[in-house]
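Residues 1 to 106, numbered by the working numbering, are exactly what the sequence shown covers, in order. Cβ coordinates follow ideal geometry from the N, Cα and C atoms, glycine included. Inspection log for the structure reproduced underneath, given as structure tokens.
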Amino acid sequence: MAQMTISWLAGGNFYPTRCLAGVSRSAFYDVIVAVMDALCECEDRRIHSPTESSSRIKEIVTGFMKISQDGNLTDCVGCLDGWLCQIRELSCVKVPDVAAFVLGHY
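What follows is the structure in structure tokens.
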């Protein structure tokens, strides 16, 4: 169960992962939900934000906004390093104006 979830969370395709484990598609997702629920219930493994004063939080928010492109990152008080958000390139076949969707604020 944990191996399938770790593989999937690391960006692995569900198909080879579930085939190696010998489970059906629905069983694969049942396992993912069960493991994620167990992780969420584990108090020791939760990510906790630091306790800061309201003035310090405002300072942090302002700092993130200043370093973001055109000040687009608002109300952010923290970030996790090491996470990659995969962005799919749109094609003009799917949307009439690709530039309207790709602003570069990521």
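Return the Cβ separation of MET4 and VAL31 in integer angstroms, given the expectation that the two are a contact with Cβ distance under 8 Å. 6 Å
Could you name each continuous alpha helix (DSSP H) segment of 4 residues or more that falls completely within the segment 3-57, going from the start of the chain to the end? 14-21, 25-41
In the structure shown, what three-state DSSP assignment does GLU89 receive? coil
Could you name the residues of the same chain whose beta carbon sits closer than 6 Å to that of ASN13, not counting the 5 residues immediately before and after it, in chain order? none
Just confirm the distance between the C-beta atoms of CYS76 and VAL61, as a whole number of angstroms; I'd bet it's less than 8 Å. 6 Å
Of all the options MET1, VAL95, LEU90, THR74, which has the alpha carbon lying nearest to the alpha carbon of VAL35? MET1
Distance, ASP70 Cα to TYR106 Cα: Low confidence applies to TYR106: its pLDDT is 45, below 50, so where it sits in the model is not reliable, and the reading given next is rough at best. Taking the straight line from one Cα to the other gives about 11 Å.
Residues near CYS92 by beta carbon distance below 7 Å, same chain, minus five either side: VAL98
Own chain, CB closer than 6 Å to ARG18, minus 5 neighbours either side, in chain order: PHE28
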